[in-house]
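Structure first, commentary second.
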Ligand SMILES: Cc1cc2nc3c(=O)[nH]c(=O)nc-3n(C[C@H](O)[C@H](O)[C@H](O)COP(=O)(O)OP(=O)(O)OC[C@H]3O[C@@H](n4cnc5c(N)ncnc54)[C@H](O)[C@@H]3O)c2cc1C
């Protein structure tokens, strides 16, 4: 069988779409498969880290992203009502010294359009079920639905028509999310790093004229919460919650959560645009890949939603993998070396993002509480955390 392309990307979520763009930019031919039809995600991961913006800039995405997104200049760390520290994105330098907010749905639209301009259309309703690594290539097999229904619309065993398909490529990037079939094919379970936490996520309209440039992460005895402005009159709060997980999130409940947990926030939400309760695991794959099959994004990890780390780190992983794949295809030398380095770097990075850094005594904050809330990774993460310094006495909750 001849190869269909040099790389297959499994999963047309944000990470898979970007990984495909990054592969194309490096001259690697790619096909993208997604099990479902058009995606119905809403705000979800609505923050883009400065490092993501630099990576997007390299593939020419930034003009359209800047047109659609909202700029955030700093994150205030609060303990209750008191601001105990500030992390300024401006101190990071570079072409995009700020974070952006953009609803995940809108981001995916822009990524998909960019991919289509390069002649690659996501093949939807194509679920990969098996990957067979062979000498020099990978065979992916699965089934394509012919009637256009999505998995959630079907009962198990529903006989509606499917057709088997097979593709062959040099490499596979598995960006197929939390229930990843690619991770299953690798036999690389997700290991729990710490217990799951539940969060209420809501987007609302309010008069936010004075609340446009600063995000806030608030630590208090009843858990962490975060405010991010989304532009114009739209804002987003994420609250750690413990109870009433099956109660719908109403405007009244959002107002009450703000009164109790973020009393410093003066605007009164006028309309709830979207809200949901979800449990977020803190898990990491035992390994990111092997040979010719590699994972990126939620397929390899999940964490707290506060710092938008799982998706943004997924963009870095997709980019690094595309570089390793291009080197393996087009440069002389031992290709395994690049992938081994990738594995090593990602595992180390995630230990840091889970707050499991090697020398906890070097930082006066409790790393496991603080780290998942920082909207950055890598060197930017270090630079933002360095700005926080020792918390003032009002920040004692975060101390070891
Ligand atoms: C209610 C909710 C709120 C959220 N809020 C936040 C937040 O505030 N902050 C935050 O950081 N994150 C949040 N998230 C998580 C965020 O959405 C994810 O981190 C992000 O979507 C990960 O992107 P991804 O591309 O790695 O995976 P996904 O977005 O999960 O995309 C994976 C894609 O792979 C496809 N797929 C799956 N299996 C197969 C297969 N076998 N074959 C082919 N395709 C397959 C799926 O159809 C899907 O399109 C939220 C998630 C939810 C559900």
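Numbering (the numbering used here), first residue to last: 1410 to 1809.
For every residue, glycine included, the Cβ atom is placed at its ideal position computed from N, Cα and C.
Treat the numbers as computed from the prediction; the structure is a model and nothing was measured.
Residues bridged to residue 1734 (per DSSP):
Residue 1734 is bridged by DSSP to nothing; it lacks a bridge partner.
Mind checking whether the beta-carbon of residue 1702 lies closer than 7 angstroms to any heavy atom of ligand 1?
Not under cutoff, so the answer is no.
Cβ of residue 1719 versus every heavy atom of ligand 1: is any distance shorter than 7 angstroms?
Taking the Cβ of residue 1719 as the reference point, at least one heavy atom of ligand 1 falls within a distance shorter than 7 angstroms.
Between the Cα of residue 1554 and those of 1670, 1498, 1572 and 1499, spot the shortest distance and give me the residue it belongs to.
With distances taken between Cα atoms, residue 1554 lies closest to 1572.
Consider the C-beta atom of residue 1513 and the heavy atoms of ligand 1; say whether any pair is separated by less than 7 angstroms.
Yes - ligand 1 has a heavy atom lying nearer than 7 angstroms to the Cβ of residue 1513.
Should the stretch 1439-1458 be regarded as contacting the stretch 1703-1720, the criterion being three or more beta carbon pairs within less than 8 angstroms?
Touching, per the Cβ criterion.
Buried or exposed: where does residue 1802 fall if 16 or more other Cβ atoms within 10 Å of its Cβ makes it buried?
In this prediction, residue 1802 has a pLDDT of 43, which is less than 50 and means its spatial position is unreliable; what the coordinates show is noted afterwards. Classification for residue 1802: exposed.
Taking C-beta to C-beta, are residue 1755 and residue 1689 nearer than 8 angstroms?
For residue 1755 and residue 1689, no; Cβs fall outside 8 angstroms.
If residue 1487 and residue 1673 are in contact, beta carbons under 8 angstroms, what's the gap, nearest whole angstrom?
The pair is a contact, with the Cβ atoms about 7 angstroms apart (cut-off 8 angstroms).
Residue 1442: CB within 7 angstroms of a non-hydrogen atom of ligand 1
Distance from the C-beta of residue 1442 to the nearest heavy atom of ligand 1 is below 7 angstroms.
Could you check if residue 1804 is buried or exposed, using at least 16 other CB atoms within 10 Å of its CB as the buried criterion?
Only weak support is given to the placement of residue 1804: the predicted model assigns it a pLDDT of 45, under 50, and the question is left unresolved by the model.
Going by DSSP, what residue range makes up the beta strand (DSSP E) through residue 1647?
For residue 1647, the enclosing beta strand (DSSP E) starts and ends at 1643-1650.
Assigned exposure category for residue 1750 - 16 Cβ within 10 Å defines buried
Exposed, because fewer than 16 other Cβ atoms sit within 10 Å of the Cβ of residue 1750.
Return the CA-CA distance between residue 1724 and residue 1538, expressed in angstroms with no decimal places.
Distance between the alpha carbons of residue 1724 and residue 1538 is about 24 angstroms.
The stretch 1603-1621 in contact with the stretch 1640-1655 per 3-pair CB rule at 8 angstroms:
Below 8 angstroms, enough C-beta pairs join the stretch 1603-1621 and the stretch 1640-1655 to call them touching: three or more.
Considering residue 1550, what are the terminal residues of the beta strand (DSSP E) in which it resides?
Counted as a single uninterrupted DSSP element, the beta strand (DSSP E) harbouring residue 1550 occupies residues 1546-1554.
Starting from the C-beta of residue 1702, find all residues in its chain whose C-beta is less than 8 angstroms away, skip the five residues before and the five after it, and write them out in chain order.
Take residue 1702, set aside five residues on each side of it, and the residues of its chain with a beta-carbon closer than 8 angstroms to its own are 1540, 1542, 1547, 1580, 1581, 1583, 1591, 1594 and 1595, in chain order.
CA-CA distance, residue 1422 and residue 1517?
Going from the Cα of residue 1422 to the Cα of residue 1517 covers about 7 angstroms.
What are the residues that DSSP puts in a beta bridge with residue 1491?
For residue 1491, the beta-bridge partners assigned by DSSP are 1488.
Restricting to Cα atoms, I'd like to know which of 1635, 1622 and 1628 is closest to residue 1642.
Among 1635, 1622 and 1628, the Cα nearest to that of residue 1642 belongs to 1622.
Confirm the yes/no value for this check: CB of residue 1672, any heavy atom of ligand 1, distance under 7 angstroms.
Because no heavy atom of ligand 1 lies under 7 angstroms away, the Cβ of residue 1672 does not count as near it: no.
I'd like the span of the alpha helix (DSSP H) that includes residue 1763, first residue to last.
No alpha helix (DSSP H) contains residue 1763, which DSSP labels as neither H nor E.
Nearest-angstrom beta carbon gap, residue 1480 and residue 1519 [assumed within contact, 8 angstroms]
Contact doesn't hold; Cβ gap of about 16 angstroms is too wide.
Using the three-state DSSP reduction, which class does residue 1681 fall into: helix, strand or coil?
In this structure, residue 1681 counts as strand in the three-state DSSP scheme.
Report the three-state DSSP secondary structure of residue 1712 (helix, strand or coil).
Residue 1712: coil per DSSP, three-state reduction.
May I ask you to list the residues that DSSP assigns as paired with residue 1786?
DSSP, once it has assigned bridges, lists no residue as partnering residue 1786.
Grouping DSSP H, G and I as helix and E and B as strand, with all else coil, what is residue 1573?
Three-state DSSP puts residue 1573 in a strand.
Could you pull the start and end residues of the beta strand (DSSP E) that residue 1625 belongs to?
In the DSSP annotation of this structure, the continuous segment of the beta strand (DSSP E) that includes residue 1625 starts and ends at 1623-1629.
Here's the rule: buried if 16 or more other CB atoms are within 10 angstroms of the residue's CB, otherwise exposed. What is residue 1435?
Label assigned to residue 1435: buried.
Tell me which residues share the same chain as residue 1392 and place their Cβ nearer than 6 angstroms to its Cβ, disregarding the 5 neighbours each side in the sequence.
Any property of residue 1392 remains undetermined from this structure, which presents the chain solely from 1410 to 1809.
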